[in-house]
Every structure is written in C-alpha cells, then in structure tokens.
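To convert, take the position in the sequence shown, counting from 1, and add 27; that gives the numbering used here. C-beta atoms are modelled at their ideal positions from N, C-alpha and C, and glycine is treated no differently. Each remark here refers to the structure printed beneath this line.
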Amino acid sequence: MESITYFFKYIFTKASHAWPVVCFFLACQLQGHLTFAQENKPRAAHQRIDPVPLLTVDSLRSKMAVRDSILLDTVKLGNALRDTIMADSNKDELSDPIKSQSADSQWMDVRSNITHLYKDAKVMYGEFELSADYIRMNNNTGVIFASGLNDHNGKYKGRPIFKTATDPPITVDSLFYNIKSRKAKVFGVHTEEDGGYINARELKKNQYDEAFLKNGLYSTCDLPYPHTHFGIHITKGIVTENRIIAGPSYLVVENVPIPFIGIPFGFFPKTNKRASGLIFPSFGEDGTRGFFLRDVGWYFGINDYWDAKVTGTLYTKGSYEGALAVQYQKRYNYNGNFNFRYASVRNGVEGTPGYKPNKDFNLTWSHSQSQEANPGTTFSASVNLGTSSYFQNTGAAGTYDYTQLTRNQMSSNISYGKTFGDGRFNMTATLGHRQDIPARIPNSTLPQAKGSISLELPTFRLSMQSFNPFDSKDRVGDQKWYQRITVGYTLDVKNSIQTTEDSLFKKDALKKFQNGVQHTIPVSLSLNVLKYFQFNSSLNYTERWYLQTTRLALDNAPSGYVQTVDTVRGFNRNYNYSISSGLSTKVYGMYGKIGKMQAMRHMITPSVNFNYTPDFSNPRYGFYRDFITPGGDTTNYSIYRNNVFGGPPSGRNMGIGFSVDNTLEAKFLSKTDTANGGFKKVPILQGLSFSGNYNFVADSMKLSTIGFSGRTALFNQKMGINFGGSLDPYALDSTGRRINRYLIKEGKLARLTNFNLSFSYSFNADAAKSHNDNLNELDEKKTKMTDEQRRALDRISTDPNAFVDFKIPWNVAASFSFNYSKPGYVSQVTSTLNVSGDFNVTDNWKVTYNSGYDFRAKKTTLTQFNIYRDLHCWDMSFGWIPFGGYRSFTFTIRAKASILQDLKLDKRSDYYNSF
28 MESITYFFKY IFTKASHAWP VVCFFLACQL QGHLTFAQEN KPRAAHQRID PVPLLTVDSL
88 RSKMAVRDSI LLDTVKLGNA LRDTIMADSN KDELSDPIKS QSADSQWMDV RSNITHLYKD
148 AKVMYGEFEL SADYIRMNNN TGVIFASGLN DHNGKYKGRP IFKTATDPPI TVDSLFYNIK
208 SRKAKVFGVH TEEDGGYINA RELKKNQYDE AFLKNGLYST CDLPYPHTHF GIHITKGIVT
268 ENRIIAGPSY LVVENVPIPF IGIPFGFFPK TNKRASGLIF PSFGEDGTRG FFLRDVGWYF
328 GINDYWDAKV TGTLYTKGSY EGALAVQYQK RYNYNGNFNF RYASVRNGVE GTPGYKPNKD
388 FNLTWSHSQS QEANPGTTFS ASVNLGTSSY FQNTGAAGTY DYTQLTRNQM SSNISYGKTF
448 GDGRFNMTAT LGHRQDIPAR IPNSTLPQAK GSISLELPTF RLSMQSFNPF DSKDRVGDQK
508 WYQRITVGYT LDVKNSIQTT EDSLFKKDAL KKFQNGVQHT IPVSLSLNVL KYFQFNSSLN
568 YTERWYLQTT RLALDNAPSG YVQTVDTVRG FNRNYNYSIS SGLSTKVYGM YGKIGKMQAM
628 RHMITPSVNF NYTPDFSNPR YGFYRDFITP GGDTTNYSIY RNNVFGGPPS GRNMGIGFSV
688 DNTLEAKFLS KTDTANGGFK KVPILQGLSF SGNYNFVADS MKLSTIGFSG RTALFNQKMG
748 INFGGSLDPY ALDSTGRRIN RYLIKEGKLA RLTNFNLSFS YSFNADAAKS HNDNLNELDE
808 KKTKMTDEQR RALDRISTDP NAFVDFKIPW NVAASFSFNY SKPGYVSQVT STLNVSGDFN
868 VTDNWKVTYN SGYDFRAKKT TLTQFNIYRD LHCWDMSFGW IPFGGYRSFT FTIRAKASIL
928 QDLKLDKRSD YYNSF
C-alpha cells in the first residue's frame, strides 16, 4: 500500500505541478459551491461503495442466513472474482500456520471447509495481519473475505484493517485476499498519508506488488467520504516498484466531477527517496511592471534535515525578483530558516529617468536551539536586514502585508551565551544591526531618502554575579550591616559603525568603525532603618578604554576658517564615578464608606535620595578641551564624544532627587466573590507618580523639570488608560528660550511642556485571552510535534489565517493616542484613532476589519477588510484595501494540509494597478 499512497502524492504534489494549479484557477468559477455548502449532501456515486457482502448483526444468530449471503455474494461476483483471486489458488502451499481469533463467535461449514468469524475477528499469517467484524476464510483455496457489519442503527462498523511488516495499517470497506498467491482485491480504501487522504473504490494487487487502481480520489479532507473538499479523481492507475502509469484524471469540487479539467494520461518515474522538483508559478498582470510569472523555481530535497528552494519572478517591462529559501531542523537540537531576496524594479515609462532600475535586497535568518541538548549554552539568531526600500518597491515581496509595508525599522541580533563557574559568570557575544526606514511614496519615480544604519560587530559582555565580600560561609546569626554590602562586575566590549546604507560598502567604511572596552563595578548596600524606612546606598565606578579620540581644529580655507574633526590614534582611558544614598517608605490612608463603595485605600510611596557626581570636565582630568569656534566663541567639548561608550559627564552634580507614587484601591460588596469575604477589590488608580531633582551646585536653573505619569483601567478593566508629561517651573523670554526665573513669580506654578494620553478598549476581553491561550498552547505542543508538523506550524505562523479564531463570535477593539508638545511658544498636537475587530457571520464565515483616523492630517489611515471561510480541509480568504497608496485586493483558497501548501488559488490586484 506504500506504493499506492506514493502514487497519489507524486501525481498531486511532485510530478505534475502544472495541471493542479490550472485546475484551481478554473475552479474559481465554482466559488458558489464553496461558500454555501453548509449541510451534509448525499454522497456521490464515485465516492461510496457498499461493502461486499453487506451483513447485519442478526446474521450472528442465523448460520443459514450467513451461508445464504455468502453463496449469493459469490454468485454475484461471478467470473471476475474467480479470475482475479482464484486462478492461482492451488499454485503455492502454505509456509506458515494460520492463526485466527474472534470476540463473539466462529463456526466452520464442514461441507465447504469455510470458517466464519464474528466481531473483532483477526487472522494472522506470517507478516500479514487482518482484523474486521466479519471474516470468511476458505481453507481449500486460501481465499479470505473480510467486511464490517451494520449495527442495530444501520451504521456500518468494524471495517477491515490489514497491515504487513513494511506497510502502515490500511482501512477498507471490504476485501478478498489469497494467502497462497498474495493477490488481493480491495473495495473502499481510505488511508492517511502526510496530511493527505486517499479514497479508492476498487484496487487489485498481484503477487509482484503491482497495484491496479480504479476510481481513486486524493483529498485533504479527513472524513472517509469527504463532504466538502477539493480532490483529484484518478479513473484508472497502475503502480509498480519504479514507475506510475495513470489513466484519465480530473478535478472534483464539492462532490461535483469536472471531467473537462484534467489530463488524459500520465507516465511518471517513481522514487522512494526525498525528491526535488519544479515549482510552478502563478501569473498575472501588474499595471506598472507588466505581465508576470511569479515564484517559478526549483525545490531541492537535500536530506531529512535540510531543504531549499530557488524562485524568481519575471515582468515583461524589465523588472525581476529572485529568492533563496532554506529550512533546516534537527529534532530536539536546533531548527531555523534562511531567506535571501533580490529585486530589480523599474517604475515609470521607458526612456524617462524614473525607468532606471532600483536594486533592492532583503535577508532574514531565524535560528533557535534546544537548551536541553546544550545545557549551559545558548545560541539564537533573528536577522532582518536589507535595503530600506525593498518592501515598498516590491509590495512586501508580493504579499502586501500591512506590517511590512508600514515598517519604519529593521533590526537583527545574533547571540551566543555561556554560563560557567558554577553559574557565577555569564558570557554573551552578540552581533547586532539596526536600520531606520524613511517614509516613502509608493510607486514614485522620484529619488527616495536613504535610511541610517548602525552595526555592532561584535558586542561582548562578561558579567559576574553579585557577591558579599565581607560575609562568611561560616557565619552564625544575622548579617552585620557591612556583611550586606554587595559587589558586582561587568565587562563590555563593542565594535560599531553608524552610517547610511549607501555608504556602508564603500572603501572607507572600515575607517568609520568605533571600538572600546568598558568596565563597570557597582557597590551597593540595602538596610531597614527605624522599622518603616528602606535605606539604599550605592557607589558606581565606570572605566572606558579606547584606541582613538577626537580633536576639533580650524583650517584656513579661502572662504575663511572652517571647523574640522581630527582623529587621534592611540590608547586612552577615562573614568567616572558617582555616589547615591536614599530613603523610601510607604504611607497608607483609609477612606470610609461612600455610596456603594465600602472603603478606599490610598497608598503613597515617597522617596528621597542624595546624589553626587564630580565635574569631569575640569581640566585636571583631561577629558574635555576648550575650542574657539570660527565665530570667536569658546566652547568646551569631550574628546570621547564620538566613541562607542561616550565619556564622563560634564558638570558637577550634588543634589536631591525626589519622587512620589500614588495608588488608589476601592472595595465593593460582591455577591459572586466569596473568597475575599464577599468583597471585590477594584483598582481606581494603578499609579500616579511625580519626580524631579534639585542640583545645589548648578550655576542656574537648579530645579529640573517635573515629570509625571499615571495609569488606570475602567469598565471592569477593559479600558486601559495611560498618560504622562512634564512641567517646567521656569519662564521663557521673548524668543522662547528658558530663563532663570521661576514662573511662580508670575502667578503660575509651572508650564506644561508636553503631554501624552492613550487608551484602548476591547468590547470582548475573551478575544485577546483566547488568542494568547492559542499561542501558548502551540508553543507547549511544539516540542512534541514531528518535524513535518513543526515545518507546517512555521509556515502557518506567517499566515494571518493562523490567528482567525472562529470560537470568538465577535470582538471590537478601539485605541486612541494624543500627543501635545510645547517647549516654547509654538505647540504641536497629534492624535489618532484606530478601530479593529471581527465577527462571525455564521459558524464558518468571519469578517475582520482595521481602520483609523488621523485628526491632524484629517484623513483616514490604512483601512483593511478581510473575509474568511472555513472549508473544513481548506481555507478561503478575501482581503481588500479600498483606498490609499496600497489599495489592493486578494482572493486565496488554500489547503490546510501541509503537503498541499503549494496547491492554492490566488487572485490578486495590487496597488500598482488602477483599481
């Protein structure tokens, strides 16, 4: 049976990618069948065959009835059965004993030498094993017949299941098998293979392991007789050890055969090894780049751990794209994927400056390893880098994913870590990348701005766990105050560059790399003072080592003196330290009953700390220098201002820092919450804090701005509200600059310089909970999945359909953000509103939407609508962006089974077209 399942797999996924895709494009016209098939329909004639013979439970009580049905069925089959099964029945003698058993009863017809077995019957001969609710065995000819039985409700149960040492178990409706000749005739085959399901009406197998198939169906539906499916019907087929011969084959949709969409015959070589093959493209038209063939390529089945595919897209107006995708996995050890994509995109009209090709690329790499297989060692990679215009110029590689199209930053991180010294030391080596993506105009022929890029190649950190140097392992009793002192150590090494993407690969790029070493030693002490106060004190020392510093100079140019920046090579070190000590406590206040509120608790957490930092810009340290500008002004600058870890801070700081945090919690009577004495606690204000600093040694404006922030939740915690801002206590002059004069002298307490407010509300909180639960459940099960299941999950996680939860009937979520800024006399305000949600039209139909409004720009933000239909073993989705720079629509029908991922109908109209 292995060859039979391979027969379907090969035709449907490997050897003939062309005709299934064409079939599905034409099947788009049958959409009405897909969308309204809700009820179970009568099974088509080509899918169902009644078992031969059809027995009932009553036959267990009537031996004559059984005998009559057997004789009748033998006559009914006639010469066809005798020719296929009986012809060579006496040719070979039995080499092994036949073992049989049954749960209900068995009896033997002595006259015909035929044995009958009922209920959970089983026959074993060598490596062959057959089980069914009814088995009839002819001891003269060696022919065995097996079938199920109808129960008292008329349901057919106990179907035959046969297996051998080399083949997986196969379930059928009924079968004849000759033990001596090893020939078989099977009716109603149903089996699963790699996510696909095979149904065949009739099958014959000879002693040479050649299978002859009639009326076969390959589908993704897991039901024995699929009611809602796409499938390929194979009229006749022959499967041998090394080749497959197929007769007429055609498409079946919703139990409706479509004979005119198919192939007349097929001849294919057969291999049992991991196979490579052609990836058939999709095709269409782009309004700017012309007709295209998308994602044509070749799949490489390298081995059980690696596979790869190379694809390309060609446009008739000169644009092209290429991609390399690699997946790898070693179970219980590591897994990952690598993708490299390149594009040459031409926009505009041939002969114009805008027709010049834009060269773009994008590289992604994801890798993770199991900690169980590598204890004490970690290695992970999450890489996403490329040209900043790739996603906009290619429409997110043809996916038009909103997240990718509106991305404003790309980042990467490759990290290796190791713990040693009984866990006291931890080492981490990291390669990092961060890239800004400037805003772009879709389909524009004008020059686009280049994004900035920063690389860290590499970053190294060695950290030591904090320890108590004055404590003793042999100590008896509580710790003394000095034994509570803790000391830590961290070593950081960094080599980085910051430039633009068009300058990164130029010859002088290596000269722009900055590197350095930083040592950090924190010393801290924490004590309880006077029972109610917490005392914290710390001393922090930081030292940096560099191989280059910066000098400012003036050059005498024809136009006058020009400021230049020189780099001085050579080892140089700097350091800084600071001291801080503070006290904090908690103060509680209670308020009595107010209306339905039984009580309210107010908790205040004040803290005050003293901090001191020397002025490291003092000439005696040598970390800062004076410079006379071309305008004649004298300025003080740090010679480490361009280094990776910077330098010591300038200015002496000796001041008092202060902060106050507030929380409010109310208590209400509750009929449902009995665990807390019949009371329900409701947080009214989850936090409201104020903080600032006063520097005694500053020459002016000693008081810093006062920052504040707060958060709360309303409507049974469904609406979260966050706000924050800053207050400036100093006045402004006529030009809008801060001056050393308090506003309180003008009758004002402070000036609001910035304020932000945001809130979000979900009308169905269970939706977010269900989404998170589903993700957590998948993560927990991933370790128990097979390699194929993990690959399928990785593919699904990139598909929005993976997050369509039909269990949630509806959900509406809204979010609002407001930002106000006024550092001087000119203010700036931005505010946006976003609305998203979904609802089930029926149990199998769902509509999702996402939109928003920018109050400052007075226009609607990106708006998306999606319609999803669950087709049991398939998914259908329709996405629509009605207006804006990325207006488009997509229509997709896709198989859920991982083996059929490439078999999909995908119709698209993108934003390049005049939609």
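First through last residue of the beta strand (DSSP E) which encompasses Phe-892: Within the sequence shown, residue 892 is the residue found at index 865, counting from 1. Note, Phe-892: beta strand (DSSP E), 891-897.
Run of the beta strand (DSSP E) containing Asn-749, from where it starts to where it stops: Here residue 749 refers to the residue found at position 722 of the sequence shown. Start and end: 746-755.
Given this structure, state the Cα-to-Cα distance separating Gly-763 from Ser-716, to the nearest angstrom. Here residue 763 corresponds to residue number 736 of the sequence shown, with the count starting at 1. Here residue 716 corresponds to residue number 689 of the sequence shown, with the count starting at 1. Looking at the two C-alpha atoms, the distance is approximately 28 Å.
Taking Cβ to Cβ, would you say Val-372 is nearer than 8 Å to Thr-421? By one-based count along the sequence shown, residue 372 stands at place 345. By one-based count along the sequence shown, residue 421 stands at place 394. Yes.
If we call anything under 8 Å between Cβ atoms a contact, is Thr-513 one with Ser-493? Residue 513 sits at position 486 when you count from the first residue of the sequence shown. Residue 493 sits at position 466 when you count from the first residue of the sequence shown. Taking 8 Å as the Cβ cut-off, Thr-513 and Ser-493 qualify as a contacting pair.
Measuring only the C-alpha atoms, how far is Gln-58 from Tyr-204? Translated into the one-based positions of the sequence shown, residue 58 becomes position 31. Translated into the one-based positions of the sequence shown, residue 204 becomes position 177. For Gln-58, the predicted model reports a pLDDT of 35, less than 50, meaning its position is unreliable and no value from the coordinates is stated.
Here's the rule: buried if 16 or more other CB atoms are within 10 angstroms of the residue's CB, otherwise exposed. What is Lys-729? Along the sequence shown, one-based indexing puts residue 729 at 702. By the 10 Å Cβ count, Lys-729 comes out exposed.
By DSSP's criteria, Leu-715 is part of a beta bridge. Which residues make up the other side? What you label residue 715 is simply residue 688 of the sequence shown in a count that begins at 1. Beta-bridge pairing links Leu-715 to Asn-689 and Gly-737.
Tell me whether the beta-carbon of Thr-887 lies closer than 8 Å to the beta-carbon of Ser-878. In the sequence shown, residue 887 corresponds to position 860, counting from 1. In the sequence shown, residue 878 corresponds to position 851, counting from 1. Against a cut-off of 8 Å, the Cβ pair of Ser-878 and Thr-887 comes out as a contact.
Within the same chain, show all residues whose beta-carbon is closer than 6 Å to that of Ala-841, passing over the 5 residues directly before and after it, in chain order. For the purposes of this step, residue 841 is taken as residue 814 along the sequence shown, with counting starting at 1. Tyr-788 and Val-862, listed in sequence order.
Using the C-alpha atoms, what's the distance from Ala-159 back to Lys-232? Numbered from its first residue, the sequence shown carries residue 232 at position 205. Numbered from its first residue, the sequence shown carries residue 159 at position 132. Each residue's alpha carbon lies about 20 Å from the other.
Apply the 10 Å Cβ neighbour rule to Ser-246 and answer buried if 16 or more other Cβ atoms are within range, or exposed otherwise. Walking along the sequence shown from the start, residue 246 turns up at place 219. With 16 or more other Cβ atoms within 10 Å, it is buried.
From Lys-534 to Lys-386, what distance separates their C-alpha atoms? Indexing the sequence shown from 1 puts residue 534 at position 507. Indexing the sequence shown from 1 puts residue 386 at position 359. Cα to Cα, Lys-534 sits roughly 20 Å from Lys-386.
C-beta neighbour in chain C for Gly-478, strict 8 Å: Here there is only one protein chain, and chain C is not present.
Met-437 - partner residues in DSSP beta bridges: Along the sequence shown, one-based indexing puts residue 437 at 410. Note: Met-437 sits in a beta bridge opposite Gln-462.
Between Lys-207 and Ser-309, what straight-line distance do the alpha-carbon atoms span, to the nearest angstrom? As a working note, residue 207 is residue 180 in the sequence shown. As a working note, residue 309 is residue 282 in the sequence shown. When rounded, the distance between both Cα atoms is 51 Å.
Specify, as a first and last residue, the run of the beta strand (DSSP E) that Thr-191 falls within. To locate residue 191, count along the sequence shown from 1; it is residue 164. First-last for Thr-191: undefined, no H or E at that position.
So, using beta-carbon positions, are Phe-672 and Lys-521 closer together than 8 Å? Within the sequence shown, the letter at position 645 stands for residue 672. Within the sequence shown, the letter at position 494 stands for residue 521. Their beta carbons are under 8 Å apart, which means Phe-672 touches Lys-521 by this criterion.
Using the C-alpha atoms, what's the distance from Asn-389 back to Phe-239? As a first step, residue 239 is located in the sequence shown; it is residue number 212 there, counting from the start. As a first step, residue 389 is located in the sequence shown; it is residue number 362 there, counting from the start. Their Cα atoms are separated by approximately 49 Å.
Counting only the same chain and skipping the five closest in sequence on each side, list residues whose C-beta sits under 6 Å from that of Val-589. Walking along the sequence shown from the start, residue 589 turns up at place 562. Only Asp-582 meet the Cβ criterion.
Whole angstroms is fine: what's the gap from Trp-333's alpha carbon to Thr-917's? For this step, residue 333 is matched to residue 306 along the sequence shown. For this step, residue 917 is matched to residue 890 along the sequence shown. Cα-Cα distance, rounded: 32 Å.
Validate contact between the stretch 677-684 and the stretch 635-645 using beta carbons, cut 8 Å, 3 pairs: yes
CA-to-CA distance, Asn-330 to Ser-395, given in whole angstroms: Working through the sequence shown from its first residue, we reach residue 395 at position 368. Working through the sequence shown from its first residue, we reach residue 330 at position 303. Rounded to whole angstroms, Ser-395 to Asn-330 spans 20 Å at the Cα level.
How do the stretch 562-571 and the stretch 607-618 stand: do at least 3 beta-carbon pairs fall below 8 Å, yes or no? yes
Considering just the uninterrupted stretch of the beta strand (DSSP E) at Gln-419, what are its terminal residues? As a working mapping, residue 419 is identified with position 392 in the sequence shown. Here Gln-419 belongs to no beta strand (DSSP E); instead the alpha helix (DSSP H) covers 417-421.
When you compare only the Cα positions, how much space is there between Ser-409 and Thr-457? Within the sequence shown, residue 409 is the residue found at index 382, counting from 1. Within the sequence shown, residue 457 is the residue found at index 430, counting from 1. Rounded to the nearest angstrom, the two C-alpha atoms are 11 Å apart.
Please tell me whether Ser-129 and Lys-146 are closer than 8 Å, where the distance is taken between their beta carbons. Translated into the one-based positions of the sequence shown, residue 129 becomes position 102. Translated into the one-based positions of the sequence shown, residue 146 becomes position 119. Yes, they are a contact pair.
Let's test the definition: count the other Cβ atoms within 10 Å of the Cβ of Ile-97 and tell me whether it reaches 16, buried, or not, exposed. Numbered from 1 along the sequence shown, position 70 holds the residue referred to as residue 97. Confidence at Ile-97 is low in this model, with a pLDDT of 34, below 50, so the placement of that residue is unreliable and no value is reported for it.
Have a look at Phe-643 and Asn-603 and give me their C-alpha separation to the nearest angstrom. Working through the sequence shown from its first residue, we reach residue 643 at position 616. Working through the sequence shown from its first residue, we reach residue 603 at position 576. So the two alpha carbons sit approximately 7 Å from each other.
When Gly-403, Ser-844, Asn-165 and Phe-319 are compared against Phe-452, the one with the closest alpha-carbon: Here residue 452 refers to the residue found at position 425 when the sequence shown is read from its first residue. Minimum Cα distance to Phe-452 is reached at Gly-403.
Buried/exposed call for Asp-200, threshold 16 Cβ in 10 Å: As a working mapping, residue 200 is identified with position 173 in the sequence shown. So Asp-200 counts as buried.
Let me make sure I understand the geometry here. Which of Phe-782, Arg-596 and Gly-181 has the alpha-carbon closest to that of Asp-755? Within the sequence shown, the letter at position 728 stands for residue 755. Out of Phe-782, Arg-596 and Gly-181, Phe-782 has the C-alpha closest to the C-alpha of Asp-755.
Please classify Phe-418 as buried or exposed, where buried requires at least 16 other C-beta atoms within 10 Å of its C-beta. In the sequence shown, residue 418 corresponds to position 391, counting from 1. Buried, because 16 or more other Cβ atoms sit within 10 Å of the Cβ of Phe-418.
What does a CB cutoff of less than 8 Å around Asp-77 pick up in its chain, not counting 5 residues either side in sequence? Here residue 77 refers to the residue found at position 50 of the sequence shown. Annotation note: pLDDT 41 at Asp-77 (below 50); position unreliable, no value reported.
Could you tell me if the beta carbon of Lys-708 falls within a distance shorter than 7 Å of some heavy atom in the ligand FAD? The ligand content of the structure shown is nil, which means the ligand FAD is not present either.
In whole angstroms, give me the CA-to-CA distance for Trp-901 and Thr-919. As a working mapping, residue 901 is identified with position 874 in the sequence shown. As a working mapping, residue 919 is identified with position 892 in the sequence shown. About 10 Å.
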